[in-house]
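Novice: Our numbering numbers the first residue of the sequence shown as 177 and each following residue consecutively.
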Amino acid sequence: MFLIKTRTFCSKVKRLPELTLFTKDPCPLCDEAKEQLQPFKHRLRLQEVDISDPIHRKFWLQYRFHIPVFHLNGTEIMRHRLDPEKLDLVLKETEDRDRDQDQD
Numbered sequence: 177m178f179l180i181k182t183r184t185f186c187s188k189v190k191r192l193p194e195l196t197l198f199t200k201d202p203c204p205l206c207d208e209a210k211e212q213l214q215p216f217k218h219r220l221r222l223q224e225v226d227i228s229d230p231i232h233r234k235f236w237l238q239y240r241f242h243i244p245v246f247h248l249n250g251t252e253i254m255r256h257r258l259d260p261e262k263l264d265l266v267l268k269e270t271e272d273r274d275r276d277q278d279q280d
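#1: With distances taken Cα to Cα, identify the nearest neighbour of phenylalanine 241 among Asp276, Phe216, Glu224 and His256.
#2: Please state the DSSP three-state secondary structure of phenylalanine 216.
#3: The beta strand (DSSP E) that contains phenylalanine 246, what's its start and end?
#4: So glutamate 224 and leucine 197 are in contact, right, with Cβ under 8 Å, and what is the actual spacing, rounded?
#5: Restricting to Cα atoms, I'd like to know which of Lys190, Lys210 and Asp264 is closest to aspartate 201.
#6: Which same chain residues end up closer than 8 Å to lysine 262 when comparing Cβ atoms and leaving out the 5 residues on each side of it in sequence?
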């Protein structure tokens with residue numbers, strides 16, 4: 177019988193910012209936005225919320241005339257169209273803030 181010793185190394189796992197896309201089907205602007213998000217896929221986690229689903233009635237009432245709507249980590253950052261330059265800027269700010277917190 178062999179005894180194997182193992183060690184667990186703890187390190188901070190980098191958690192990517194979460195971008196929530198409030199959408200519905202059909203939504204041509206949402207489809208366009210998803211294509212524009214491709215270059216950012218390594219910098220964020222994308223969560224889609226279908227506002228036409230009855231469980232998301234609150235978001236239907238809030239956003240039905242405004243989709244697509246984008247939230248980064250729970251805060252609305254834009255609506256109607258994706259602005260890639262603005263998203264890049266907001267992601268850089270988030271990454272810098274996370275990096276500063278990791279150094280503390």
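Cβ coordinates follow ideal geometry from the N, Cα and C atoms, glycine included.
Model, not experiment: these values are computed from the prediction.
Specialist: Reading it off the structure:
#1: Relative to the Cα of phenylalanine 241, the nearest Cα in the group Asp276, Phe216, Glu224 and His256 belongs to His256.
#2: Helix, per DSSP.
#3: 245–248
#4: Yes, they are in contact, since the Cβ atoms of glutamate 224 and leucine 197 sit about 5 Å apart, within 8 Å.
#5: Lys210
#6: Ile253 and Met254
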